[in-house]
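> Residue numbers for the sequence shown follow the working numbering, so the first one is 52 and each next one is one higher. By construction, the Cβ of each residue, glycine as well, lies at the ideal position given by its N, Cα and C atoms. As the structure is a prediction and not an experimental result, all values here were calculated from the model.
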Amino acid sequence: KRMMEKLGVPKTHLEMKKMISEVTGGVSDTISYRDFVNMMLGKRSAVLKLVMMFEGKANESSPKPVGPPPERDIASLP
52 KRMMEKLGVP KTHLEMKKMI SEVTGGVSDT ISYRDFVNMM LGKRSAVLKL
102 VMMFEGKANE SSPKPVGPPP ERDIASLP
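1. Does the distance from the C-beta atom of VAL88 to that of LEU99 stay below 7 Å?
2. List the endpoints of the continuous alpha helix (DSSP H) containing GLU122.
3. For the alpha helix (DSSP H) containing ASP86, name the first residue and the last one.
4. Determine whether the beta carbon atoms of VAL74 and ASP86 lie at a separation below 7 Å.
5. If you draw a straight line from the alpha carbon of ASP80 to that of GLY93, how long is it in whole angstroms?
6. Just to confirm my understanding: we take MET55, look at its own chain, exclude 5 residues before and 5 after, and list those with CB closer than 8 Å. What are they?
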């Protein structure tokens, strides 16, 4: 909301929630990095594909490991 005010486009709380819902497709209350880049560059942008490839974010939807890493012994180290 503060960013929009600093840009000279003040929005109400409900307008911000609607804008976030449009960007995320109603799935989340927060805008992910990929959603932000899509919004700024457009989904069909070649620059978007390069940015995602460069930053390794192309497979952002892949599940991240949860919990502590498995225990390893000295023999398994390189």
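Put simply:
1. Yes, Cβ-Cβ distance for VAL88 and LEU99 is below 7 Å.
2. Looking at the DSSP string, GLU122 is not in any alpha helix (DSSP H), and its letter there is neither H nor E.
3. Segment 84-92, the alpha helix (DSSP H) holding ASP86.
4. Closer than 7 Å, so yes.
5. Cα to Cα, the separation comes out at about 20 Å.
6. Taken in chain order, the residues that qualify are PRO61, LYS62 and MET67.
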